[in-house]
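Numbering (the numbering used here), first residue to last: 5 to 226. Where a beta carbon is used, it is the ideal one built from N, C-alpha and C, also for glycine.
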Amino acid sequence: MANQKFCGAVASQAYRWGYTCEYCKQPVEKKNYISTQVGSMHKSTTWVTTSEAGAKAMEEQARMQLAGPVAQMQAKLDAGRFDVPEKEDGRCPHCRKYQHWSPALRNYASSQFWSEEKRKKENRDTGCGMAIGGFWGGAILAIPAIGLIPDTASRTAIVIATLIGCIVLGEGLTFLIGRQLVNRGNAKKAALLKELEGLEKNEPRFISWEELNSGLRGISIR
5 MANQKFCGAV ASQAYRWGYT CEYCKQPVEK KNYISTQVGS MHKSTTWVTT SEAGAKAMEE
65 QARMQLAGPV AQMQAKLDAG RFDVPEKEDG RCPHCRKYQH WSPALRNYAS SQFWSEEKRK
125 KENRDTGCGM AIGGFWGGAI LAIPAIGLIP DTASRTAIVI ATLIGCIVLG EGLTFLIGRQ
185 LVNRGNAKKA ALLKELEGLE KNEPRFISWE ELNSGLRGIS IR
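Below is the structure:
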């Protein structure tokens, strides 16, 4: 929450990983972190303090908790497996092309083999999202329009009609624009997959472990 802050100790293990772009062949290196924290949330106005011994104990606990996730990742690496970090889009920073292992392309490729039932469910979910967006878009559009309606005996009826009209317009525009964006995005992904068929596939790779850091957040030593 916006009016809350974390107070405690944080430990993070950095690691470097990278890949060779399948399009422009340039090397890409990135840095990510595995993190753990020990503490609790407090109101942003709360002043939290601890002793030097307490701070040391909290940092030590955070480091101990971090050891588990780091060991799990190392075990995967020893087995020859490297998982791409979460939120990585797999888009080359040099040529801006998506790699074959990017979540966007993999999700699109797997969608081509969905069952009819799953495809209908996905379309329903997308349609519901567009309907909600269109409703609120139309409601926002109606605000300035309603403000221009003169104060007459029939104003209430005109306001209701205007609101309904704006919502219908918002739904229609959202559906048309949303459908075009989806179709355009799918066409682009299909073209990228076609291009990738003739290219050498390069998997992302782990490079090295980097620094291990720990410290206090939102708390001071008294």
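Could you tell me whether the Cβ atoms of residue i and residue j are closer together than 8 Å?
i, j, result
"Ala229", "Ala57", "Residue numbering for the chain in the displayed model covers 5 to 226; residue 229 lies beyond these limits and cannot be assessed."
"Ile162", "Ile153", "yes"
"Ile225", "Thr50", "no"
"Ile38", "Val88", "no"
"Ala135", "Glu175", "yes"
Could you pull the start and end residues of the beta strand (DSSP E) that residue i belongs to?
i, result
"Thr24", "Gln8 to Thr24"
"Gln41", "Pro31 to Lys47"
"Leu70", "Careful: Leu70 lies outside any beta strand (DSSP E), inside the alpha helix (DSSP H) at Glu56 to Asp82."
"Gly222", "First-last for Gly222: undefined, no H or E at that position."
Less than 8 Å between the CB atoms is what I'm expecting for residue i and residue j, so what's the real figure, rounded?
i, j, result
"Gly43", "Met62", "7 Å"
"Leu185", "Leu109", "Not a contact, Cβ separation roughly 17 Å."
"Ala13", "Gln41", "7 Å"
Taking only the alpha-carbon atoms, compute the straight-line gap between residue i and residue j and give it to the nearest angstrom.
i, j, result
"Asp155", "Gly131", "37 Å"
"Ala1", "Leu220", "Missing from the structure shown is residue 1; the chain here goes from 5 to 226 and no further."
"Gln78", "Ile181", "46 Å"
"Pro208", "Phe86", "7 Å"
"Lys35", "Trp213", "10 Å"
"Ile223", "Glu64", "16 Å"
"Ile150", "Ile168", "11 Å"
"Gly141", "Met45", "35 Å"
"Ser106", "Ile164", "47 Å"
"Ile171", "Ala195", "36 Å"
"Ser250", "Leu81", "Here the chain comprises residues numbered 5 to 226, so residue 250 is not present and cannot be evaluated."
"Phe179", "Gln76", "45 Å"
Whose C-beta lies closer than 6 Å to the C-beta of residue i among residues of the same chain, with five residues either side of it excluded?
i, result
"His104", "Leu200 and Lys205"
With a threshold of 7 Å on Cβ separation, who are the neighbours of residue i within its own chain once the five nearest residues in sequence on each side are excluded?
i, result
"Glu215", "Ala18"
"Asn7", "Lys47 and Ser48"
Where do the ends of the alpha helix (DSSP H) carrying residue i lie?
i, result
"Phe179", "Arg159 to Leu200"
Within the same chain, show all residues whose beta-carbon is closer than 8 Å to that of residue i, passing over the 5 residues directly before and after it, in chain order.
i, result
"Glu33", "Arg20, Trp21, Gly22 and Ile211"
"Cys99", "Cys25, Tyr27, Cys28 and Gln30"
Is there a C-beta anywhere in chain B that falls below 8 Å from the one on residue i?
i, result
"Lys125", "The structure shown has no chain B; it contains just one protein chain."
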